[in-house]
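The next block holds one structure in the form of structure tokens; read it before the comments.
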Amino acid sequence: MIIAVSGKGGTGKTLVSSILVKLLSKTGKDLLVIDADPDSNIPESLGIDVDKSVGDVREDLKKDINKGKIPSGMNKWDILDYKIMESIVETPDFDLLMMGRPEGSGCYCAVNNMLRKIIENISSNYDFIVIDTEAGLEHLSRRTTQSVDTMLVVSDSSKRGLHTASRVGNLSKELEISFDQIYLILNRVKPSNEKEICEKSKETGLDTIGLIHDDDIVSKFDIEGKPLIDLPDDCEPVEIIKEVIDKII
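In terms of the numbering used here, the sequence shown has 187 at position 177, counting the first letter as 1, and numbering is strictly consecutive.
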């Protein structure tokens, strides 16, 4: 099962992704986490150091080809595929792959193309794959999430956040990308305007599967730089995402 988390930047994608990893890693199933956001936050939120991204691997291979270190008859994708597998960080509870981006001003499209191939090649090796997508709608327009089973769209209470959530739903229809499930998760909602936000969220056309209130514990973790995967099991965000998992699986 491939679960992608999308939405406008800053709405809480990484929070939701990190808690998904926290809970799914306890199932004993094989789990792969893919950080597909160029502004990478997942390794830090999971308390893991990553030495090399897929973007780095691609750039290294390009340099080797230019220097004549790769024989002309060798299949470049086979070499790249092997090196990408080497860049996967393995932990006792899950594996992590960071997409990154090419060096300098290089186009991110090549890394997105590789992401599609990676998902196709290794999805059968895992029971669950959690993808923290890049912010916005690029993952849809570039079709990097076309093979996703469940899309969780995260929004805060802002008009822009809800607008992006709405566009995710609409664009997926326009591009004929069919998810088995697509839901909205509302994050950082204040109790004082909860009713109003819930009404506004209906305009996105997405069913709300979870609502997370503005949480002091999450704020404390962010301020102190603590990994979000270490959030206590009894805090509201973890309890809400547990309910989400129970509903989608």
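Using N, Cα and C, we set each Cβ at its ideal position, and we do this for glycine too. These numbers come from a predicted model, not from an experiment.
Across the structure, GLY17 and SER82 are spaced so that their CA atoms are roughly 42 Å apart. The DSSP-derived three-state label of TYR92 is helix. LEU71 sits in a helix when the DSSP states are folded into three classes.
For the pair ASP166 and GLY22, the CB atoms are nearer than the 9 Å cut-off. LEU106 is bridged by DSSP to VAL43 and VAL99. Within the stretch 156-202, complete alpha helix (DSSP H) segments of at least 4 residues are found at 169-184, given in chain order. Taking ALA14 as the centre and dropping the five residues before and after it, the same chain places the C-beta of ILE141, THR143, THR155, VAL158 and MET161 closer than 6 Å to its C-beta, in chain order. Between ILE227 and the set PRO237, THR218, LEU221 and ILE219, the nearest pair of CA atoms involves PRO237. In the DSSP assignment, the residues bridged to LEU221 are LEU196.
Collapsing the DSSP output to three states places VAL64 in a helix. Under the three-state reduction of DSSP, ILE139 is assigned to strand.
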